[in-house]
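Q: I'd like to ask you about the structure that follows.
Numbering (the working numbering), first residue to last: 9 to 886.
See below:
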């Protein structure tokens, strides 16, 4: 029987080992069945008092919660970003907690100094900013010598680093230290210059990067500026392009003797050839480029400024050592002459002038002109040290003339300012060149200098330099004029001198009081001219003619209106110099004197200056520079127009500084008048003027001062004319009554009787002196008072007001009675008054009749007061 066929379906199933599972794309596969589960589950264990924040309680932290210790540790991190973050964190911490810097400054500096030579540029820049803005400003009052000693070792170490960037940055750190503590320069000067020399000798490594070389050269200029004899330098090269502060501060702890100079003299000598070689390296590039690149120009300027400062140092030391030739320092300087001269004569001066090539722009030509100005200054400095060849001098003198005439002046405003600063440095050489008499150049230089002086702006640095140069030229020019004034050269010198002096008054007026420094220089020069004018006929009349132009400087008067000049607004020192100049005028004319007198009337004038003016004028009078009539006219003008107080009712009683000043002025003027010599002659000059002015009824204080001046030169018996006595008789009666009315009653608590007595005594005393010297004047005054009682009913202010009329009458009678009582109280006038008992009785009768007159309507109270007045007079006549 045949075998049955096997089931094909079952055979298929036996042949499949693994079942194929179809999966959808993107679905995560399940883990294999034999996978071991490695998941670990745990619970946090919290231990009390173990928090990191709790450990920092009481410590100052920055905004990220880090303490100073943690931040300082991170500054040594291997990661540059971590170091930068740490420095920023320290800056934040010290800014928020300044006390942390005070407590840990030395430890912080000791750790941070390690980053001066950091490989990362940003880290070094962050450290520089940290020291500049936070650490060094916060340590000004601490031991700065210790801080400097901590930093200097690492700064000098960075200066020898193989990386050029680190070396350059080290010089920035050096500048920063010197900025905050300049005296440290004296201790490290030799090593500082040695490092600058090294970096300049190896400039071929980074000559392509002019910016780095420029920075190092600018640092050298700043260091040379710190030398004690260079610290007064103020030109543009003392500032870099970032506008850093000029490093001129230098304390006295650096020795300026030969010993203090000798330890760096060799380093300075070695720098000159290096600098001239560096300058030479730029010359081919200047002629080869289409334009003078800014960084190259900056390098060349810094090189020339460095040479200039070094030459000035040797000139200064040579001048100082010439006073003590036995010192070793003087021999050292002399030995170095050949080295310095050789470097400059062979490699620098032959390049002068740096003429522009055709392809250079106007801006580049101006830059070359700036370089020429600096080279010229170096030359003239060196020429003062040791006279150079005449042909070389000729070339530089021609350049100086062109500079004075503005032929090398730059076109733009900023360019003109730079040119002006360079020219300011060349002006001090002109007096020495003129005094040496450089043949035809003397006349040419004087003409060019005069043009510069006249055209320079008032108040500018150039104008100041011109004034200083004129002051230096005075002595040599006057010496040359004293020898011979007939030659052409002498006439040119005299003409230049006259031209300069004529400009001074106008310059003072143009300056006003807005530029006190320049005004002070003008006045100082004017005083020097005045002191020499009295002894030199060439200046005598020129100086005297200045007073015509100087009137506006003090004041101008048009009638009663006074326009005050710049004199009032100048500082005290300038005012004093101006007053001293007045003394040296050989003849002071009346218009000029009036201008000064009107200036004295200003309420803004300091009283000390006012008294100084009076003193100077009186000294000039004693020397015969002022006529006696003009001198007395000034005195009368002062006391007549001086304004004391508008409050008439309180005159003499209130404590007024202006009133006290005026009283003192009156005393001084009266004293001077009494010392003039013949009092009778003085009285003849002032009598009519004073009487005429008194009759115009000036204010009480001014009238009193005029009377005091009259009394100071009068005699006993009086020398006054009969006409003057008659005029005074009427005036003094009103003056006395008015003075008594102005003084408050003695029972006022604010004005006790002692104050009232002193005030009355001041105003009445000159009248009492006149009464003592002229009895006729007493008679005239008493009669005038008697007439005033009779006419008192007609003196009412308002004819329609009866009450006002009565009150005026009562006031007048009270004033007359008070005057008569005061006259009887005076010891000298008691006997005189007895001679005029009849006149006093006449006044008493008139008062009594007025009391019962029907023409005057009085109340019971007013009649009672009139009765009291009558009783006082009756007591005097018993």
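Quick reminder that beta carbons are idealized off the backbone N, C-alpha and C, glycines included.
1. Mind checking which residues open and close the alpha helix (DSSP H) that includes residue 566?
2. What's the C-alpha gap between residue 178 and residue 198?
3. Using beta-carbon positions only, say whether residue 642 and residue 625 come within less than 9 Å of one another.
4. In chain order, what residues of the same chain lie with their CB nearer than 8 Å to the CB of residue 272, ignoring the 5 residues before and after it?
5. Give me the DSSP bridge partner(s) of residue 571.
6. Figure out for me which residue from 321, 494, 291 has the closest Cα to the Cα of residue 309.
7. Run through DSSP, which three-state label would residue 265 get?
8. Leaving out five residues before and five after residue 732 in sequence, what residues of the same chain have Cβ atoms less than 7 Å from its Cβ?
9. On the three-state DSSP scale, how would you describe residue 75?
10. I need the straight-line Cα distance from residue 450 to residue 183, nearest angstrom please.
11. Is residue 717 closer than 9 Å to residue 765 when the C-beta atoms are compared?
12. Beta-carbon within less than 7 Å of residue 887's beta-carbon, same chain only, minus the 5 sequence neighbours each way: which residues are those?
13. Using a Cβ-Cβ cutoff of less than 7 Å, which residues in the same chain neighbour residue 209 once the five nearest sequence positions on both sides are dropped?
14. Evaluate the contact criterion for the region 564-572 versus the region 514-533: three or more CB pairs, one atom per stretch, below 8 Å.
15. Whose CA, out of 305, 231, 348, lies closest to the CA of residue 274?
16. What would DSSP say about residue 57, mapped onto helix, strand or coil?
17. Could you check what DSSP says for residue 848 in three-state terms: helix, strand or coil?
18. Once DSSP output is grouped into helix, strand and coil, what is the label at residue 319?
19. I need the straight-line Cα distance from residue 84 to residue 185, nearest angstrom please.
20. Helix, strand or coil, according to DSSP, for residue 69 in the structure here?
21. For residue 311, which residues of its own chain have a beta-carbon under 7 Å away from its beta-carbon, when the five flanking residues on both sides are left out?
22. Using three-state DSSP, classify residue 698 as helix, strand or coil.
23. Out of 111, 669, 159, which one is the CA nearest neighbour of residue 122?
24. Ends of the alpha helix (DSSP H) at residue 925?
25. Mind checking whether residue 146 and residue 109 have CB atoms under 9 Å apart?
26. Does DSSP classify residue 384 as helix, strand or coil?
27. How is the alpha helix (DSSP H) around residue 478 delimited, first residue to last?
28. Please confirm if the region 370-377 is in contact with the region 395-404, defined as three or more CB-CB distances below 8 Å between the two stretches.
29. Excluding the 5 residues preceding and the 5 following residue 156 in the sequence, name in chain order all residues of the same chain whose CB lies nearer than 7 Å to its CB.
30. Apart from the five residues on each side of it in sequence, which residues of its chain come closer than 8 Å, Cβ to Cβ, to residue 690?
31. Span of the alpha helix (DSSP H) holding residue 398?
32. Would you kindly report the start and end of the unbroken alpha helix (DSSP H) that includes residue 202?
33. Is any non-hydrogen atom of the ligand MG found closer than 8 Å to the C-beta of residue 570, if you look at the structure I gave you?
34. Do you know offhand how far residue 771's Cα is from residue 748's?
35. Could you pull out every residue in the same chain whose Cβ sits closer than 6 Å to the Cβ of residue 513, ignoring the five residues on either side in sequence?
36. Excluding the five sequence neighbours on either side, which residues of its own chain have a C-beta within less than 8 Å of the C-beta of residue 819, listed in chain order?
A: According to the structure shown:
1. Not the alpha helix (DSSP H): residue 566 falls in the beta strand (DSSP E), residues 563-566.
2. Using only the alpha carbons, I get a separation of about 16 Å.
3. Cβ distance < 9 Å, so residue 642 and residue 625 count as in contact.
4. 197, 198, 201
5. 564
6. 291
7. Residue placement at residue 265 is flagged as unreliable, the pLDDT there being 39, under the threshold of 50; the coordinate-derived value follows with that caveat. If DSSP states are grouped into helix, strand and coil, residue 265 belongs with coil.
8. 695, 699
9. strand
10. 44 Å
11. no
12. What the structure shows of the chain is the stretch from 9 to 886, and residue 887 is not part of that stretch, so it cannot be assessed.
13. For residue 209, where only same-chain residues beyond five positions count, the Cβ hits under 7 Å are 282.
14. By the criterion of at least three beta-carbon pairs nearer than 8 Å, the region 564-572 is not in contact with the region 514-533.
15. 348
16. With a pLDDT of 48 at residue 57, under the threshold of 50, the modelled position of this residue cannot be trusted, and the question is left open.
17. Helix at residue 848.
18. helix
19. Answer to the nearest angstrom: the Cα atoms are 23 Å apart.
20. strand
21. 225, 283, 286, 287
22. helix
23. 159
24. Residue 925 is absent from the structure shown; the chain starts at 9 and stops at 886.
25. yes
26. helix
27. 469-491
28. no
29. The answer, listed in chain order, is 185, 189, 192.
30. 636, 640, 681, 684, 721
31. 398-412
32. DSSP places residue 202 inside the alpha helix (DSSP H), whose first and last residues are 192-209.
33. Inclusion of the ligand MG in the displayed structure is not the case, the ligand content being empty and no account of it being possible.
34. 9 Å
35. 554, 557, 558
36. 749
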